[in-house]
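Structure record follows, encoded as structure tokens.
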Amino acid sequence: MTAAIRIVALALAATATPAWAQSIMAGEWQITLTQSAMAGAPPATAMQCVSGLQAGDPGVIARRARPRADCTTTSTPAGKGEYAWTFDCPKSAMSGRGQMQYSSTEMSGEIHSSTRIGGAGIDMKHPIHAPRAGPCN
Numbered sequence: 258m259t260a261a262i263r264i265v266a267l268a269l270a271a272t273a274t275p276a277w278a279q280s281i282m283a284g285e286w287q288i289t290l291t292q293s294a295m296a297g298a299p300p301a302t303a304m305q306c307v308s309g310l311q312a313g314d315p316g317v318i319a320r321r322a323r324p325r326a327d328c329t330t331t332s333t334p335a336g337k338g339e340y341a342w343t344f345d346c347p348k349s350a351m352s353g354r355g356q357m358q359y360s361s362t363e364m365s366g367e368i369h370s371s372t373r374i375g376g377a378g379i380d381m382k383h384p385i386h387a388p389r390a391g392p393c394n
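Numbering-wise, our numbering puts 377 at position 120 of the sequence shown, and it's gapless, one number per residue.
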């Protein structure tokens, strides 16, 4: 392969759309995360304004679901209409993974996380649901 062909191939690979890429609509999204490990705990709800530039990345909702300053998030292609990710939060000793199915106006899925509290390992499952609520305020 010539150098010119390699450069073109690398440029195409860098601009290729990921397998999970399907746009979500720009606007206000209501993210609800159920705290299944804590009986009787109310769901955590947050609003997220998704700009037109962010609408190509469904991960913008996933990253908002677990907002911690020490976390790193890595997405993994999961197929059209699906988004999967892993996260690691070293300072809070939490790690996990999540997967969501989504359309342009709604997302739902689960986050599985693990942490240690008082020396005991705790595994949690958090259902997540995020419908688009309308335009950003």
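Virtual Cβ for every residue (Gly too), placed ideally from N, Cα, C.
Apart from sequence neighbours up to five positions away, the residues of its chain that approach S332 with a beta-carbon distance below 6 Å are G316, W342, ordered along the chain. Counting the other Cβ atoms within 10 Å of the Cβ of R389 gives 16 or more, which makes it buried.
Inclusion of Q305 and W286 in the CB contact set at 8 Å is warranted, their separation being smaller than that value. Judged by DSSP in its simplified three-state form, G313 adopts helix. One thing to note: G309 has its Cβ within 8 Å of the Cβ of A283. Membership of I288 in the beta strand (DSSP E) is indicated by the continuous run 284-290.
Spanning the alpha carbons of A298 and Q292 requires a straight line of approximately 6 Å. In this structure A387 is buried. Its beta-carbon is surrounded by 16 or more other beta-carbon atoms within 10 angstroms.
Remark: C-beta atoms of P300 and D327 do not approach each other more closely than 8 Å. In this structure G376 is exposed. Its beta-carbon is surrounded by fewer than 16 other beta-carbon atoms within 10 angstroms. A distance below 6 Å between beta-carbons, with the five flanking residues on each side excluded, links L290 to the following residues of its chain, in chain order: A301, A322, H383, I385. Rounded to whole angstroms, the separation of the alpha carbons of G336 and I318 is 17 Å.
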